[in-house]
Amino acid sequence: MRLHAGWISPEDQRALVSGLRSVIAAAPLFAPLTGWGKPMSVRMTSAGRFGWYSDRKGYRYIDRHPSGSAWPPIPDRALEVWRALAGSARDPECCLINWYGPEARMGLHQDRDEADFTEPVLSISLGDDGLFRVGNIDRGGPSESVWLRSGDVLVMEGASRLLHHGIDRIAAGTSTLLERPGRINLTLRVVT
Ligand code: SIN
Ligand code: MN
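Going by numbering that gives the first Met the number 0, 116 is the number at position 117 of the sequence shown; the sequence numbering is gapless.
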């Protein structure tokens, strides 16, 4: 896994957030359901050709927001980060937007709903610090944790592409980027 700590300047972080405001206006955040039908604590939406979705039927990509409208385009600023750091010949087809309030967390999981695992997953952190935990390809075993801070870019590629990962907690109030306490994480992915 490659961590580019503080790679995005504060000015570019602000530009990214303003691009996200128009995405969220067109494709409002929602709380996906887990396989057990319980709403996730993280609220989500997407930009791009596909958006990530989950309900009792499982995890998958869908080509429309649950409201029926097409997903808005991926903001240029996010595409620029992908083109600079992903090391991929392709452009991402999904930018998943995760909004963590101070109490939100994300359990350990793998990103495996994409067709081609040779394509990386690139994650951008904005706002309050989030404690990221990375484990193994199989469930269980030892794990390591690192605080992801605003402006950090993490690339999961190669042997790290299918490692379990999640967010244990948010340190509310550690950043002044967003208007209220919380964290935004963007994950950019090639889906097909
Ligand atoms: C994710 O795995 O979808 C999000 C990870 C993060 O919030 O850093
Ligand atoms: Mn993930």
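We put the CB at the ideal spot given by N, CA and C, even for glycine.
* **Rounded distance between the beta-carbons of D112 and A180, thought under 8 Å** => For clarity, residue 180 is Pro in the given sequence; the question names Ala instead. About 30 Å; that fails the 8 Å criterion.
* Asked: Which parts of the stretch 10 to 78 are runs of the alpha helix (DSSP H), unbroken and 4 residues or longer, counting only runs that do not cross its ends?
  -> Listed in chain order, there is nothing to give.
* To do: Closer than 6 Å by C-beta to P74: which residues in its own chain qualify, once you throw out the five before and the five after it? Chain order, please.
  => Counting only Cβ-Cβ distances below 6 Å, and skipping sequence neighbours, we find G18.
* To do: Kindly examine the ligand SIN and report whether one of its heavy atoms sits closer than 8 Å to the Cβ of Y99.
  => Answer for Y99: yes, Cβ within range of the ligand SIN.
* Asked: Going by beta carbon distance, what residues of the same chain come within less than 7 Å of I166, once the five residues before and after it are set aside?
  -> Same-chain partners within the cutoff: Y99, R104, M105, G129, L130 and F131.
* Confirm the yes/no value for this check: CB of I61, any heavy atom of the ligand SIN, distance under 8 Å. => For the ligand SIN, not one heavy atom lies less than 8 Å from the Cβ of I61.
* Identify, in the order they occur along the chain, each residue of the same chain with its Cβ nearer than 7 Å to the Cβ of A69, setting aside the five sequence neighbours on each side. => For A69, same chain residues with a beta-carbon under 7 Å away, outside a window of 5 residues either side, are R63 in chain order.
* Asked: Are A4 and R148 touching if we call contact CB-CB under 9 Å?
  -> Going by beta carbons, A4 and R148 fall inside the 9 Å limit.
* Check whether the Cβ of T44 sits closer than 8 Å to any heavy atom of the ligand SIN, and report yes or no. => For T44, the CB stays at least 8 Å from every heavy atom of the ligand SIN.
* Asked: How long is the line joining the alpha carbons of G139 and S159, rounded to whole angstroms?
  -> Taking the straight line from one Cα to the other gives about 15 Å.
* To do: Could you name the residues that DSSP lists as bridge partners for D186?
  => A quick correction: the sequence has Thr, not Asp, at residue 186. DSSP, once it has assigned bridges, lists L95 and S122 as partnering T186.
* Asked: Within 8 Å: the Cβ of L95 and any heavy atom of the ligand SIN?
  -> The closest heavy atom of the ligand SIN lies less than 8 Å from the beta carbon of L95.
* To do: Using alpha carbons as the reference points, say which of R48, P141, D151 and L187 lies closest to S174.
  => Of the listed residues, the one whose Cα sits closest to S174 is D151.
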